[in-house]
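Enquirer: Have a look at this one before I ask anything.
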Amino acid sequence: MAEISWSSLFKLEKKRVICAGCESKLNRIEGITCSKCGRLMDDSNKEIICEDCKRWGMKEPHDYLQKNIACYTYNEFAKDLMALYKYRGDYAIAGVFAQQLKAKWIEMNKEVTIPLPISSERRRERGFNQTEGLLQLADISFETELKREHTEKQSKKNNVKKESSRSNSFLWKIKRFLNPKKYC
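Structure follows, in structure tokens:
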């Protein structure tokens, strides 16, 4: 039987989406990170950009990714959770990431969030847009200013194919000037 306390009577306690044991398998990213992709870097590294981003930067000097902020390392457990969420439609999994995402979003202090869309074909296949679902659960407002051209799944492509298909995947729904400092 659950223990009743004054605190439990007068506070709304957050429901756990996963058990403490599973939650401990998620590794929060804390410490020095790459200023571009958000990957955790070695404490002894004095560079601000990781080697992968340097390599990508040489290949794609006009890359539009300004900054990616990750909440957790992409270990096997995180991959499995994301697969349940994205490909099996387990919408409740978004609750695992929502609180941490909201905290990171508040730190960023941006005016508008524009999630990367999925194609209408992918939406039919999956049943929902995973990014929008996560933002909704985290109570983060967003604008859907982009549309996506249907392409082969990124997970089915090697790095060379991913690189060559990136530039024409997204289109603006409406043309207007965007100040990138205000958007994320």
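As numbered in the working numbering, residues 642 to 825 make up the sequence shown, in order.
Where a beta carbon is used, it is the ideal one built from N, C-alpha and C, also for glycine.
1) Rounded to the nearest angstrom, how far is the Cβ of Ser676 from that of Lys708, given a contact under 8 Å?
2) How would you call Val737, buried or exposed, if buried means at least 16 neighbouring beta carbons within 10 angstroms?
3) With Leu776 as the anchor, note down where its alpha helix (DSSP H) starts and where it stops.
4) Please state the DSSP three-state secondary structure of Arg764.
5) Cβ atoms of Arg764 and Tyr713: under 7 Å apart, would you say?
6) Round the Cβ separation of Glu784 and Ile755 to the nearest angstrom and send it over; I've been treating them as touching at under 8 Å.
7) Secondary structure at Lys788, three-state DSSP: helix, strand or coil?
8) By Cβ distance below 8 Å, which residues in the same chain neighbour Ile689 in space, the five residues on each side in sequence not counted?
9) Going by DSSP in three states, Tyr732 sits in which element: helix, strand or coil?
10) Verify whether the separation of the beta carbon atoms of Ile759 and Arg789 is less than 7 Å.
11) Which complete alpha helix (DSSP H) runs does the stretch 713 to 758 hold, if anything under 4 residues is left out?
12) Can you round the beta-carbon distance between Ala779 and Leu742 to whole angstroms, since I take them to be within the 8 Å contact cut?
13) Suppose you measure from the CA of Cys663 to the CA of Lys695; what does that come to, to the nearest Å?
14) Got a sec, what are the start and stop residues for the alpha helix (DSSP H) Cys678 sits in?
Expert: In brief:
1) 7 Å
2) buried
3) 771 to 778
4) helix
5) no
6) 5 Å
7) strand
8) Cys675, Ser676
9) helix
10) yes
11) 717 to 728, 735 to 749
12) 5 Å
13) 34 Å
14) Taken as a continuous stretch (DSSP letters only), Cys678 belongs to no alpha helix (DSSP H), as it is neither H nor E.
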